[in-house]
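Asks: In my numbering, the protein residues as written are 4 to 263.
Even for Gly, the Cβ is constructed at its ideal location relative to N, Cα and C.
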């Protein structure tokens, strides 16, 4: 009899611990922490409001599955800080993140948000041509710490001492415009959009090499409840569908909203 009671006690203990552990995992998208950087048109602050293509897609997709994320859950910070938070803290999401082989196993991926074309951007009057990446050791290249541009260059053997790290894109664009650096390794559309927001003439910039063509995603820490990952993916899929009364999907409306 005592043995049976002991068995029941162990079973009850197991189920209680399981229930507490399961309950501790966020059950709502609105309980997650979303990290991003200042990188218009994808994500930025305007009149103290967080906005941008990826931000709007997050809000629209979460609303489509009846679990709307409050904008207060989205934090803008330097990319290296956002990336460290997303890797080390459970219940964290970082965006817009380009999927690469080294990053692939670190996160759950939701998207894609949009295409991403990572390039080396130069000034037209620099006459820089890039026949191979080994030649890049002769130039000063602007990068964001831990960003895809820096990772791609280092992964292909470009010396770290040729890289000029900056906390955000606006600094890099200004430095390139003023000829303080020779190149920027960044997503092309975002770099040119930033230049326009800074009031700079974008015609002085030109891509001289493509580092990677791919897609940008929401990257979820592996500690996030997989059901929430699936839920946001379902929301992204929903907003990409055309409505019955309109040929334009919510996804397309968001993209068109930020066209220059």
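Under the rule that 16 or more other beta-carbon atoms within 10 Å means buried, what is residue 117, buried or exposed?
Replies: Residue 117 should be labelled buried.
Asks: Can you check which of these residues, 35, 122 and 40, is closest to residue 173 by C-alpha distance?
Replies: Taking only the C-alpha atoms, the option nearest residue 173 is 40.
Asks: Apart from the five residues just before and just after residue 115, which ones in its own chain have a Cβ nearer than 7 Å to its Cβ?
Replies: Only 218, 219 and 220 meet the Cβ criterion.
Asks: Check residue 189 in the structure and name its three-state DSSP category.
Replies: Strand, per DSSP.
Asks: Do you know whose CA, among 235, 253 and 234, lies nearest residue 243's CA?
Replies: Looking at the Cα atoms, 253 is the closest of the given residues.
Asks: Give the DSSP bridge partners of residue 97, in chain order.
Replies: Partner(s): 38 and 222.
Asks: My guess is that residue 147 and residue 169 are in contact by the Cβ rule of under 8 Å, so how many angstroms apart are they, rounded?
Replies: That belief holds up - the Cβ atoms of residue 147 and residue 169 are roughly 6 Å apart, short of 8 Å.
Asks: Going by C-alpha distance, which of 77, 212 and 139 is nearest residue 164?
Replies: Of the candidates 77, 212 and 139, the one whose C-alpha sits nearest the C-alpha of residue 164 is 139.
Asks: So, residue 119 versus residue 46, is the Cβ gap smaller than 8 Å?
Replies: For residue 119 and residue 46, no; Cβs fall outside 8 Å.
Asks: Which stretch, first to last residue, makes up the beta strand (DSSP E) that contains residue 32?
Replies: Residue 32 -> no beta strand (DSSP E), and no H or E assigned at all.
Asks: Could you pull the start and end residues of the alpha helix (DSSP H) that residue 229 belongs to?
Replies: Taken as a continuous stretch (DSSP letters only), the alpha helix (DSSP H) holding residue 229 covers 229-242.
Asks: Rank 159, 128, 122 and 153 by C-alpha distance to the C-alpha of residue 136 and give the top, closest one.
Replies: Among 159, 128, 122 and 153, the Cα nearest to that of residue 136 is on 159.
Asks: Hey, is the segment 76-91 in contact with the segment 189-199, meaning 3+ C-beta pairs nearer than 8 Å?
Replies: Verdict: no, contact absent.
Asks: Are residue 237 and residue 72 closer than 8 Å when you measure CB to CB?
Replies: Cβ atoms of residue 237 and residue 72: not closer than 8 Å.
Asks: With distances taken Cα to Cα, identify the nearest neighbour of residue 112 among 125, 126 and 97.
Replies: Among 125, 126 and 97, the Cα nearest to that of residue 112 belongs to 97.
Asks: State the Cα-Cα distance for the pair residue 87 and residue 224, rounded to the nearest angstrom.
Replies: Using only the alpha carbons, I get a separation of about 11 Å.
Asks: On the DSSP letters alone, give me the boundaries of the alpha helix (DSSP H) that residue 61 sits inside.
Replies: It spans 56-67 - the alpha helix (DSSP H) in which residue 61 sits, taken as one unbroken run.
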